[in-house]
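Student: Below: one structure in C-alpha cells.
Shown next, in the form of C-alpha cells:
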C-alpha cells in the first residue's frame, strides 16, 4: 500500500544523528500499546526467519494476540524478504496493510520500506545503510548492526546470522519485550539445545543493553503483558495438517517437493517416527515416500488406498495439474485417497511463494469426463488438524479421493490457536468385507449399491477368500467389476456415482454460520481469509453495516448455503483469486439466487486484509 | 527406524528381515494326485477370463505361461496381486488368475500403483504386465524409479515393438530401419529396456520369447523368487500389426534368430537339485526365498552375475540387432523396498489401536507448542 508522502524533509544522509531532533518533535503522543504491526525487511537466507519467529513467539508468550506472516521471494538467498508481525490487543490476526514499525537490514529495499512506514511510525535501520531522504513524520533509530555482529562473531560468514539477533535485542528494548520470553522462544526454536540459545541470547542482551544506553525513545509504541494467549498454542497449518493425518492413522504418504506444501511432508517425517512405531514389532506402522513426480505420488497413494492403507499426498497447484488423470481414475474406480493442496498463486508457475485460493474449481472437478470430488476447506490451523484426520474417514467411507484445500498463508505461517482436540469419533474404515463375509456370500458385487447410498462394498488385497478378488480398472464396468461397454451398465454406474455424491453432501462438515438478525447482507468466505473477514465485519458494523457470515468448510455445498442465500438481499463472496471461483460455484449451486451473489475477490499474492474487504463491500454497497 | 531381523540369514549371506513373508512352499510330493499341485489346487484354479486379444497373440501365450508357473510353484492365487498399465498387454491380467486381485492402472503408471499397493501390503507378491509403449515411452520414468527403489515384484514387458490398440504405430522398442504398413520406416534406434533396467540397478533382468514357453516358465519361476524388482522383457509378436517375416518382433524372426545365452534350471526351496547337468558344470545362484537358479556352465558363456558383462553383451546385441534370450543379469543382494522401510506387518493390516497415537501424546505435543 503506497501512501502519498507530502514534502519529505531533506536531511543530509551523512548527518551523524539528525534523527534525534525529529524524534523529539514527534514525541507528544499517547502510548500505543499492543496494537500495531512490525515489519522486518531483510534478505532471504540470512537467518532472519529465526529472528522473526523468536520475536513472534516471545510476544505470544507475553500473552498478546499476535500473528506473523512471511512475505518471501521465490529464491534461496539474497533477495528481499519481509516478515510482518501484527499485535492486536483485540485479537485480530489478519495481515494489516500498514506497518508502524519498520526494521530494515536490507539496503536494496530501503526506499520502498521507508515510503511504506505509517506516518508517526518507527524506522529502525542498520546504521551502515544510507538514507537518501528523511521524513518528518517518522521516528528514526540507527543500530550499529554490523559493528555488533563483528564483536560477537569472528567468522565473517556467520556474522549475517548474528546481525539478525541484534535487531531482536534492539527492538525488544525499544518496545519492552521481555528478554526472558525471548530466551524461552529461543528454547522452543532450538528444541531446548542450550548452546545456540546461549550464543543467540548473548547477542540479544548486548543489543538490548546498547539500545538502552544509546537510543532515546521518542515513539509511542509499547508492548505490555496481557493474558489473552493463555492456554493457546502457536503452530503453522502444515504441521497441524501432518499431525491431523497422523492422529487420523495415515499409513502411507507419497509426495514430491513443492512450495508451499513441502513442510507438510517434513512434519510427517518429523512426527511419525515418534508417534507411530508398533510397540510389538518396533516397526513403523507407516511409510512416507518421496516420489519421482506428482503423478507417481498420487499413483502410489491410489495403490495404497486400494490395498487398504490410509493414504495421502500433499502438493500445490502444479502438482494438482499433474494429478488430474489419477484423480479421475480414483473417482471412477472408487479408491480412497486424501490430497492436500496447499494453494499458491497460479496459473502456471505463477508466484510460487505467494498465497492464493485459486484451485477451488480445479480441485472440485479435477479429471476428464464427469468427475467431482469432495473438498474440505479448513479455515484455521485447528481445522487443518481436524480435517487432517477427518479426511481419511470421509475418503474411506465414500471410497473416493478427497481434497483438502489449505493455502500458503495458512500452511506456512504461524497461527495462534486453541489446542487441538483429540479425535473422539472412532475411525470410520468404510465398507470393507472380511474373508468370512465373502466366503459366506460366496462372492460379492464390488460396484453394487446394496445400501442405497451409492457406495458399494469392497474387499482388500490380502483377503484370502477365493471369492474376494476383483479387477480394478478405469474403463467401463458393471456391478461385478467386469469390463462392460453396455449403455445400461455405463448409465447405471454413473447414476450410482451421482447418488454417492449426494451422500457426500450430507457427510461433509457443514458451514459455520453467524446469522445476524435483520442483516441485509451476508458475507461468504473460506480458508485463510477468515480472520480478515471477521475483522471486516467489525469495521463494517462501526460504519452501520451489519453482515451475516457463512464460512464454507466443504464442497459440495448443502442446504445451509441455500438457506443463507435466501436469507439475505445481497451476498458478498470474499476470496483470493481472479475469477471469483467460489462465487461462480455458489451461483451454480443456487441459480435462482445468482443475481444477488456478488464477487468480492482479490488476488495480489498477499494475505487478504480487513481494510480491503471493508472498502470493497462499502464501495459495492453504494452502488445498490 | 529399527531393523527387525528374524535372526536367520539367507544362503547368500544377505540378512533376511521379516519383511518378506513368503508363502511356505511344501517340498514337492513324490507323486501328486492327478492335476493337483502342492497346495491342492488344480490348474483351472489359476485361469482367468477368456482372452479378447487377437488369435495367436504372443501375450496369450505369456498368460498361459504365468498360469503354468504359478500352478507349478504352488503359489496361492490370492497371494498374487496383478498390475498393468494401458495397452493390449495391460488387458491381459484379466485373462489369467481370476482369484488374484488386479489393478489395471493408467498408461505408463503401473509402477507407482504397484508401489503403493505393495507397500501397503508387502507380504503379497506383485506381478505386473506392461507393454513396450507403456514401459518404454510414457512410463519410462516410473519404470526406472520402480527399479531404483527395488520394489519386490515381477515386471513383465510384453514387447512387440508396436502400438496395437491404436492400430500400428511404432513403439520405442522397434528396431531402426523396420517398416510397418501405416507407420512407414522407423528412423530411430530402439530403447533396450533390459539395458535400461540394468542401468537403474535392477537385480534380475532377463529376455525371452513368447515362442519359447519353457524358457518363459523357468524365468517366471525364478523371477517370482527374487528379492526385488525382476524385469522380464518378453518378445511377444503382434500377429495383426507386426508379424511380417522381416520384422525383428515376429514369430518367424524370433524362431530363426533366438540365441540363448545360457541354459539354466529353477529349483524350488527345499527341493532337491535334480538338473541334468554333470557335476562341476553348474553354478548356483540362491534366491531370496531359498530357491535356486542352476546355471549350466558353457565355454565362453555369459556369467549373469557380472553386470559389466551383461551390459557389454546387450550393447553388442543392440548394435548388431541380435536377438539374445536368457538370464542377463542377477544380483540378489540389494534390499527390497519393504526391507529398506523396515516393514514387518502389512501397513494395511493396522487398525485404530495402532494407527491413532494416544491422547496423552497429543497433549504433550500441544503443551510443547506454547
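Chains as they are written, first to last, in our numbering: chain A, 6 to 629; chain B, 84 to 453.
Yeah, the Cβ is synthetic: ideal placement off N, Cα and C, and Gly gets one too.
1. Output yes or no for whether 7 angstroms exceeds the beta carbon distance between residue 463/A and residue 516/A.
2. Mind checking whether residue 416/A and residue 242/A have CB atoms under 7 angstroms apart?
3. The beta strand (DSSP E) spanning residue 75/A covers which residue range?
4. Looking at residue 183/B and residue 169/B, is the spacing between their C-beta atoms short of 7 angstroms?
5. Measuring straight from C-alpha to C-alpha, what distance separates residue 152/A and residue 60/A?
6. Using a Cβ-Cβ cutoff of 9 angstroms, what residues of the stretch 249-273 of chain A are near chain B? List them in chain order.
7. Am I right that residue 234/B and residue 198/B are in contact with their C-beta atoms under 8 angstroms? What's the rounded C-beta distance?
8. Only counting the same chain, and skipping five residues up and downstream in sequence, which positions put a Cβ closer than 7 angstroms to that of residue 582/A?
9. Which same chain residues end up closer than 7 angstroms to residue 65/A when comparing Cβ atoms and leaving out the 5 residues on each side of it in sequence?
10. For residue 5/A versus residue 42/A, is the C-beta distance shorter than 7 angstroms?
11. Does any residue of chain A bring its CB to less than 7 angstroms from the CB of residue 439/B?
12. For residue 193/A, which three-state DSSP category applies?
13. Assign residue 593/A to buried or exposed, taking buried as 16 or more other Cβ atoms, counted over all protein chains shown, within 10 Å of its Cβ.
14. Taking all protein chains shown into account, do 16 or more other C-beta atoms lie within 10 angstroms of the C-beta of residue 107/B, making it buried, or fewer, making it exposed?
15. If you reduce the DSSP assignment to three classes, tell me which class residue 152/B lands in.
16. From this set, 288/B, 186/B, 412/B and 124/B, which residue's C-alpha is nearest residue 487/A's C-alpha?
17. For residue 75/A and residue 208/A, what's the separation of their Cα atoms in angstroms?
18. Compute every distance between the C-beta of residue 373/A and the non-hydrogen atoms of the ligand FMN, then say whether any falls below 6 angstroms.
19. Span of the beta strand (DSSP E) holding residue 366/B?
20. Between the C-alpha atoms of residue 316/B and residue 474/A, what's the straight-line distance to the nearest angstrom?
21. Check each candidate in 354/B, 424/B and 384/B and name the one with the smallest Cα separation from residue 345/B.
22. Please name the residues in the stretch 296-322 of chain A whose beta-carbon is closer than 9 angstroms to at least one beta-carbon of chain B, in chain order.
23. For residue 218/A, count neighbouring C-beta atoms within 10 Å of its own C-beta (all shown protein chains included) and say buried if the count is 16 or more, exposed if not.
24. In chain order, what residues of the stretch 405-434 of chain B put their CB closer than 7 angstroms to some CB of chain A?
25. Is there at least one Cβ from chain B nearer than 7 angstroms to residue 427/A's Cβ?
26. Considering just the uninterrupted stretch of the alpha helix (DSSP H) at residue 433/B, what are its terminal residues?
27. In three-state terms, what does DSSP make of residue 104/A?
28. Which residues does DSSP list as the beta-bridge partners of residue 131/A?
29. What's the C-alpha gap between residue 312/A and residue 98/A?
30. Can you tell me the Cα-Cα spacing of residue 152/B and residue 480/A, whole angstroms?
31. Tell me, please, whether the CB atom of residue 187/B is closer than 7 angstroms to any CB atom in chain A?
32. Is it the case that the Cβ atoms of residue 176/B and residue 229/B are separated by a distance below 7 angstroms?
33. Among residues of its own chain, excluding the 5 on either side of residue 307/A, which ones have a beta-carbon nearer than 7 angstroms to its beta-carbon?
34. Could you check what DSSP says for residue 445/B in three-state terms: helix, strand or coil?
35. Compare the C-beta of residue 469/A with all C-beta atoms of chain B and state if any pair is closer than 7 angstroms.
36. Out of curiosity, what's the CA-to-CA distance linking residue 184/A and residue 100/A?
Tutor: Here's the rundown:
1. no
2. yes
3. 71-76
4. no
5. 22 angstroms
6. 251, 252, 253, 254, 255, 256, 257 and 259
7. 5 angstroms
8. 361, 362, 363, 606 and 608
9. 71, 234, 239 and 421
10. Nothing can be reported for residue 5/A: it is not among the residues displayed for chain A, which extend from 6 to 629.
11. yes
12. helix
13. exposed
14. Note that residue 107/B scores a pLDDT of 42, beneath 50, so its modelled location is shaky and nothing firm can be said.
15. helix
16. 186/B
17. 23 angstroms
18. With respect to the ligand FMN, the structure shown offers nothing to examine, as it has no ligands at all.
19. 365-369
20. 27 angstroms
21. 384/B
22. 296, 297, 298, 300, 301, 302, 303, 304, 305, 306, 307, 308, 309, 310, 311, 312, 313, 314, 315 and 316
23. exposed
24. 424, 425, 426, 427, 428, 429, 430, 431 and 433
25. yes
26. Looking at the DSSP string, residue 433/B is not in any alpha helix (DSSP H), and its letter there is neither H nor E.
27. strand
28. 148/A
29. 43 angstroms
30. 29 angstroms
31. yes
32. no
33. 331, 334, 335, 340 and 342
34. helix
35. yes
36. 26 angstroms
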